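Data first, discussion second: the structure below is written as structure tokens.
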Amino acid sequence: MAGHSKWANIQHRKGRQDEKRGATFSKIAKEITVAAKMGGGDPGFNPRLRLAIDKGKGVNMPKDKIDNAIKKGTGELEGVDYIEIRYEGYGIGGAAVMVDCLTDNRTRTVAEVRHAFNKYGGNMGTDGCVAFQFTHCGQLLFAPGTDEAALMDAAIEAGADDVLSNDDGSIEVITPPNDYMSVKEALAAAGFNAEFGQVTMKAGNETELTGDDAVRMQKLIDVLESLDDVQEVYTSVVLDE
Numbered sequence: 006m007a008g009h010s011k012w013a014n015i016q017h018r019k020g021r022q023d024e025k026r027g028a029t030f031s032k033i034a035k036e037i038t039v040a041a042k043m044g045g046g047d048p049g050f051n052p053r054l055r056l057a058i059d060k061g062k063g064v065n066m067p068k069d070k071i072d073n074a075i076k077k078g079t080g081e082l083e084g085v086d087y088i089e090i091r092y093e094g095y096g097i098g099g100a101a102v103m104v105d106c107l108t109d110n111r112t113r114t115v116a117e118v119r120h121a122f123n124k125y126g127g128n129m130g131t132d133g134c135v136a137f138q139f140t141h142c143g144q145l146l147f148a149p150g151t152d153e154a155a156l157m158d159a160a161i162e163a164g165a166d167d168v169l170s171n172d173d174g175s176i177e178v179i180t181p182p183n184d185y186m187s188v189k190e191a192l193a194a195a196g197f198n199a200e201f202g203q204v205t206m207k208a209g210n211e212t213e214l215t216g217d218d219a220v221r222m223q224k225l226i227d228v229l230e231s232l233d234d235v236q237e238v239y240t241s242v243v244l245d246e
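First residue of the sequence shown? That's 6 in the working numbering, and the numbers climb one at a time after it.
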């Protein structure tokens, strides 16, 4: 068994992201553009692009926005040249935080991320200070009540790394990052549709926060995620609301 209320935490986080859908479109478009620039505009031969397009479809991103982002990456349309940066630090209670950014202005981005950490109770650290606490992987979450034995058999057959049963009855399937899409599609073909899925940085040990500390940590996460240059915020924290 693993975890606290994993189901509630994931649903809460997804709900907050859905509320900011317009900003989400913009950030996914950036990711699609960078993926197309690095690996070409054909998702069949570019796993990163395929994943970014899947993410866009998951939030009902319009097809024309997806197509235009690809064209910016391949040079068919004029676009911005983004660089990838990761910042690391600590949140409330020493919780580990990693912030992935795509930016055309490194000076602006580091200033904004540092300001958010400092203003909202965190502390920006040095490169590598928390990265060792996370594993790069694919994560698929299935609702409580899913047939665990059947899902485990299908997941193993599909090439998953692990299947975790959480205290709240939800089930996680963990995959190698590059196999996330193939495992997701194989499980769907077997009748198992994930309620939530992502390629993420999964914390090895979680920090549970309650009460005011949970509220303060959520504020820090929200402010970091609201920054235009921030793509993803990964944290070891579990918020008990």
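Ideal placement from N, C-alpha and C gives every residue a C-beta, glycine not left out. These figures come from a predicted structure and were not determined experimentally.
Residue i: first and last residue of the uninterrupted beta strand (DSSP E) it sits in
i    : result
S231 : That residue, S231, is in no beta strand (DSSP E); its alpha helix (DSSP H) goes 216 to 231.
Y239 : 235 to 240
A101 : 101 to 108
CB-CB length for residue i against residue j, believed under 8 angstroms
i    : j    : result
N183 : P52  : 6 angstroms
I4   : T108 : Residue 4 lies beyond the residue range present for the chain, which begins at 6 and ends at 246; the question has no answer from this structure.
G94  : V85  : 26 angstroms between Cβ atoms; not a contact.
A100 : S231 : Actually they are not in contact, since the Cβ atoms of A100 and S231 sit about 19 angstroms apart, beyond 8 angstroms.
Three-state secondary structure assigned by DSSP to residue i
i    : result
A41  : helix
M66  : coil
G196 : coil
G94  : strand
H9   : With a pLDDT of 49 at H9, under the threshold of 50, the predicted position of this residue should be treated as unreliable, though the coordinate-derived value follows. Residue state, collapsed to three classes: coil.
T29  : helix
L244 : strand
Candidates the options, of which the one nearest residue i by Cα
i    : options               : result
L82  : A121, V64, A41, M103  : A41
V235 : C106, G99, V243       : C106
V220 : M66, G84, I97, E93    : I97
V178 : N73, L146, Q203, A208 : L146
I161 : F137, V188, R91       : V188
C142 : A148, Q203, N123      : Q203
Any C-beta of chain B under 7 angstroms from that of residue i
i    : result
T205 : The structure shown contains no chain B; it holds only a single protein chain.
Range covered by the alpha helix (DSSP H) that runs through residue i
i    : result
A136 : From DSSP, A136 is part of no alpha helix (DSSP H); its letter is neither H nor E.
F201 : Looking at the DSSP string, F201 is not in any alpha helix (DSSP H); the run it does join, the beta strand (DSSP E), is 201 to 208.
T112 : 111 to 124
Could I get the ranges of all uninterrupted beta strand (DSSP E) runs contained in the stretch 135 to 180, with 3 residues as the minimum, in chain order?
139 to 147, 167 to 170, 176 to 180
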